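S.K.: Position one of the sequence shown corresponds to residue 25 (this note's numbering), numbered consecutively onward.
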Amino acid sequence: MKALIILLILVFAIAPAGLILALGMRRRFENEVFGRIYVWDKPWVLVTQDAFVKQRYEMLQRRVIWLGGFLVVVLMAVILIVL
Numbered sequence: 025m026k027a028l029i030i031l032l033i034l035v036f037a038i039a040p041a042g043l044i045l046a047l048g049m050r051r052r053f054e055n056e057v058f059g060r061i062y063v064w065d066k067p068w069v070l071v072t073q074d075a076f077v078k079q080r081y082e083m084l085q086r087r088v089i090w091l092g093g094f095l096v097v098v099l100m101a102v103i104l105i106v107l
């Protein structure tokens with residue numbers, strides 16, 4: 025029963041957090057780089073081949089991955105403390 029509760033918390037807490045992070049990264053990237061949209065429907069596809077834009081995008085991606093990982097670790101710690 026305890027494992028089921030943990031599984032439900034993980035599914036309903038981490039999945040939306042990942043989605044919000046991905047959407048936030050896409051929107052921020054669109055707004056940040058020269059104020060122009062370099063993103064198609066897929067956030068990882070770049071329209072331009074500009075090296076500066078690629079560098080900014082990779083930096084942003086790393087930041088979001090670190091933030092996502094940190095949030096997952098904090099969430100796991102909270103779950104373990106509560107249970």
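Glycine included, each C-beta is placed from N, C-alpha and C at the ideal position.
Quick caveat, the model's predicted, so the values are computed rather than measured.
(1) Work out the CA separation of Val102 and Ala27 for me, nearest whole Å.
(2) Can you tell me whether DSSP reads Leu107 as helix, strand or coil?
(3) By how many angstroms is the C-alpha of Val96 removed from the C-alpha of Tyr62?
M.R.: Considering the structure as presented:
(1) As the crow flies, the alpha-carbon of Ala27 is around 15 Å from that of Val102.
(2) In the structure shown, Leu107 adopts coil according to DSSP, grouped into three states.
(3) For Tyr62, the pLDDT reaches just 49, beneath the cut-off of 50, and the residue's location in the model is therefore unreliable, leaving the point undetermined.
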